[in-house]
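Chemist:
Protein chains: 2
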Amino acid sequence: MIEPVPSETRQAQKERTRQAILAAALELSQTQGFAQISLRQVSRHAGIVPTAFYRHFESMEQLGLALVEQSFSTLRRMIRDAQRDPEVFDNIIDAAADVLVEAVKQSKAHFAFVARERVGGSEVVRQAIKHELDLFVSELAVVLARLPHIENWSSDDVQMVSRLFVRNMVSNAEEVVEMPDGRTDLEEQIKEGARRQMRLIVIGFRDWNPDAARSSPLTPDTR
Amino acid sequence: MIEPVPSETRQAQKERTRQAILAAALELSQTQGFAQISLRQVSRHAGIVPTAFYRHFESMEQLGLALVEQSFSTLRRMIRDAQRDPEVFDNIIDAAADVLVEAVKQSKAHFAFVARERVGGSEVVRQAIKHELDLFVSELAVVLARLPHIENWSSDDVQMVSRLFVRNMVSNAEEVVEMPDGRTDLEEQIKEGARRQMRLIVIGFRDWNPDAARSSPLTPDTR
DNA sequence: AAATTCAGTGAACGTGCGTACACTCAAATA
DNA sequence: TATTTGAGTGTACGCACGTTCACTGAATTT
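First to last, the sequence lines map onto chains A and B. Numbers given in the numbering used here equal positions in the first sequence, counted from 1, plus 106. Numbers given in the numbering used here equal positions in the second sequence, counted from 1, plus 106.
1) Going along chain B in order, which residues have a C-beta closer than 9 angstroms to the C-beta of A/S260?
2) Going by C-alpha distance, which of A/V272, A/G299 and A/V210 is nearest A/V283?
3) Determine the DSSP secondary structure at B/E133, reduced to helix, strand or coil.
4) Find the residues of chain A that neighbour B/G139, judging by a C-beta separation of less than 7 angstroms, and give them in chain order.
5) Quick one: using the 10 Å Cβ neighbour count with 16 as the cut-off for buried, is A/H255 buried or exposed?
6) How long is the line joining the alpha carbons of B/M107 and B/V231, rounded to whole angstroms?
7) What residue does the alpha helix (DSSP H) around B/M266 start on, and which one ends it?
8) Against chain A, with Cβ distances strictly below 8 angstroms, would B/R188 count as a contact?
9) Report all residues from its chain with a CB closer than 6 angstroms to the CB of A/S149; omit the five preceding and five following residues, and keep chain order.
10) Establish whether the CB of B/S277 and some CB of chain A are separated by less than 8 angstroms.
11) Please list, in chain order, the chain B residues whose beta carbon lies closer than 7 angstroms to that of A/A221.
12) Please confirm whether A/L128 and A/Q176 have their CB atoms less than 8 angstroms apart.
13) With 16 other CB atoms within 10 Å as the buried threshold, where does A/A118 fall?
14) Taking only three categories from DSSP, how would you classify A/L206?
15) Could you tell me whether the stretch 290-297 of chain B touches the stretch 197-209 of chain B, where touching means 3 or more Cβ pairs closer than 8 angstroms?
16) Residues of the stretch 273-299 of chain B with a CB closer than 7 angstroms to any CB of chain A: list them in chain order, please.
17) What does A/Q125 touch in chain B if you count any residue whose Cβ is under 8 angstroms from its own?
18) Helix, strand or coil: which one does DSSP assign to A/A234?
19) Would you decide whether A/Q303 is buried or exposed? Buried here means 16 or more other CB atoms lie within 10 Å of its CB.
20) Leaving out five residues before and five after A/A188 in sequence, what residues of the same chain have Cβ atoms less than 7 angstroms from its Cβ?
21) Can you tell me which of the three DSSP states A/P323 falls into?
22) Contact check, B/G227 vs B/F163 under 8 angstroms by CB: the rounded distance?
23) Quick one: does A/G170 have its CB under 8 angstroms from some CB of chain B?
24) Whole-angstrom Cβ separation of B/E133 and B/A215, contact assumed at under 8 angstroms?
25) What are the uninterrupted segments assigned as alpha helix (DSSP H) that are 4 or more residues long and contained completely in the stretch 212-258 of chain B, given in chain order?
26) Measuring alpha carbon to alpha carbon, tell me which residue in B/I309, B/A300, B/R116 and B/D240 is nearest B/A279.
27) Between which two residues does the alpha helix (DSSP H) holding B/H162 run?
28) Tell me, please, whether the CB atom of A/I154 is closer than 8 angstroms to any CB atom in chain B?
29) Does A/S165 pass the burial test, meaning 16 or more other C-beta atoms within 10 Å, or should it be called exposed?
30) Just the Cα atoms here: how many angstroms apart are B/P323 and A/L306?
31) Sorted by chain position, which residues of the same chain lie with C-beta nearer than 7 angstroms to A/R224's C-beta, five sequence neighbours on each side aside?
32) Who are the Cβ neighbours of B/T180 in its own chain at under 7 angstroms, not counting the five residues just before and after it?
33) Where do the N-terminal and C-terminal ends of the alpha helix (DSSP H) with B/V155 fall, by residue?
34) Could you check which residue in A/M275, A/E245 and A/R273 has the C-alpha nearest to that of A/S261?
35) Would a C-beta distance cut-off of 8 angstroms place A/R269 and A/V243 closer than the cut-off?
36) Would you decide whether A/V174 is buried or exposed? Buried here means 16 or more other CB atoms lie within 10 Å of its CB.
In structure tokens, the structure reads:
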């Protein structure tokens, strides 16, 4: 249990245990949800005694927040990498669909954690996730604002499209997470669905409100 | 604790207690989530002794399923009532936004329960909710298919729009549920958002794929 | 080489849990 | 009126939990 590799420094050993705790919590929360796993379960799974847990986190809640942080840093890294790809600029919709499915597949556990605890977790964890998602909407808005179709929209409108995109991302991530492992066919189906939805948003937005960039965006209440 | 009203029949008394248990579970799960409340907590809140719980439900899981059923029957009743309103046919989008916000406000607890346990609950409860939502998508598709704009779309396309509508409904319901109590301004904002999103879906769909009713719906992959 | 630090140990505690079992006593039935 | 039924009671059990505390012993510092 966490073999004390002799060549490792004490600090590195501690970090290894910390990661073991995080990994254990992530894995256990996949089957039962983070809110219902216990400090003792996590410790057992990580190969330490319950009391040793406190050397790394002061409570399960703090561990939860650490997992939120870890999950979003994973997501952010992926988005950053994707932006370097020049193809993305040309066709953000298809690229986003690809990135989404790939990212979620690679870090299924993290996405599942966020999807679940976003609504099901403790108040504190829920707020933390909400905050991260809000940040993410704003970041995505900056990226979107530079795109050909969108460049002359009002910033309010871009923000709203961004919100819809992120909402869709979350929904689709949920679907990928719940996807059985072998089914690559379903995967393509989800990607296609995500693409369609993003197109709907962009096209519907443009056509419904063609001069979004100028006066009174989005208020011609035509009922 | 569940005053034994003398005039009541034994059967009615039992039903009263059953409802008390359901209500207690619903209330308790609002703050902590259904999965993390205990049989003893529920019993205490309902005013009975833990062992009496078993006279009504064989386990907490069965109680959870009963709550799913109750929640969706509430939702279904509201949709049925709304369909009787002739205004709905003329402008389903605005009507749906109104119904959504009103319904969620009236049965906040039930919607909150569904929103949470849809992703955060136990496997069995989650599956039950998923099933109910799938049913609901199909039911909505039947309603949508009769509408002016949509009547000549292919049934696959109607099904997809229905799925997007329900997905949006769930998202917006989450927002209403998380809305602080006094804020009627936010409420109007959420309604407006819901309306916009539904318009986006309908308009985007029509414009992107105008002859959806006929051949090869939704496949002119124009990337 | 001696002193200090500190990640991990192991026993012990009080608490709330699910469930078993034998019970009561009013309503329903015969 | 006598008998049966069954919703709700009360005790008692074993178990997992979070947290406490004094501890060990290797890595680090002096």
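Note that CB positions come from ideal geometry on N, CA and C, so glycine has one too. Computed from a prediction, not measured in an experiment: that's the story for all the values here.
Modeler: The answer reads as follows:
1) Per Cβ cutoff of 9 angstroms: no residues; A/S260 is ~14 angstroms from chain B at best.
2) Among A/V272, A/G299 and A/V210, the Cα nearest to that of A/V283 belongs to A/V210.
3) In the three-state reduction of the DSSP assignment, B/E133 falls in the helix class, which pools H, G and I.
4) Neighbours of B/G139 on chain A, chain order: A141 and G226.
5) Flag for A/H255 reads exposed.
6) In this prediction, B/M107 scores a pLDDT of 43, lower than 50, which makes its location untrustworthy; the coordinate-derived value is nonetheless stated afterwards. Cα-Cα distance, rounded: 29 angstroms.
7) Unbroken alpha helix (DSSP H) run through B/M266: S261 to E284.
8) Residue identity check: residue 188 of chain B is Ala in the sequence provided, not Arg. No, because no Cβ of chain A sits closer than 8 angstroms to the Cβ of B/A188.
9) Once the five neighbours on either side are set aside, the close Cβ partners of A/S149 are P156 and F159.
10) Yes, contact with chain A.
11) What A/A221 touches in chain B: V225.
12) At the C-beta level, A/L128 and A/Q176 come within 8 angstroms of one another.
13) Under this definition A/A118 is an exposed residue.
14) Correct three-state label for A/L206: helix.
15) The stretch 290-297 of chain B makes contact with the stretch 197-209 of chain B; the number of CB pairs closer than 8 angstroms reaches 3 or more.
16) From the stretch 273-299 of chain B, only R273, S277 and E280 have a Cβ closer than 7 angstroms to chain A.
17) The contacting residues do not exist; A/Q125 stays about 25 angstroms from chain B at best.
18) Three-state result, A/A234: helix.
19) Burial call: buried.
20) Excluding sequence neighbours, A/A188 sits near V194, A201 and V205.
21) Its pLDDT being 35, under 50, A/P323 is placed unreliably by the model, and the measurement read from it follows with that caveat. In the structure shown, A/P323 sits in coil (DSSP, three-state: anything other than H, G, I, E or B).
22) In fact, because the Cβ distance is near 16 angstroms, the residues do not count as touching under 8 angstroms.
23) So, not an interface residue.
24) Sure, about 7 angstroms apart at Cβ, within 8 angstroms.
25) Within the stretch 212-258 of chain B, the complete alpha helix (DSSP H) segments of 4 residues or longer fall at 214-226 and 229-251, listed in chain order.
26) Each of B/I309, B/A300, B/R116 and B/D240 was checked against the Cα of B/A279, and the nearest Cα belongs to B/A300.
27) Premise fails: B/H162 is in no alpha helix (DSSP H) and is neither H nor E.
28) Among the CB atoms of chain B, none fall inside 8 angstroms of the CB of A/I154.
29) Exposed.
30) Because the pLDDT of B/P323 is 35, which lies under 50, any placement of that residue in the model is unreliable, and the number read from its coordinates should be weighed accordingly. Approximately 15 angstroms between the Cα atoms of the pair.
31) Hits under 7 angstroms: R232 and I235.
32) Excluding sequence neighbours, B/T180 sits near S213 and H216.
33) Judged by DSSP secondary structure, B/V155 falls outside any alpha helix (DSSP H); it is assigned neither H nor E.
34) Residue A/E245 is the option with its Cα nearest to A/S261.
35) Pairing A/R269 with A/V243 gives a Cβ-Cβ distance under 8 angstroms.
36) Buried is the call here.
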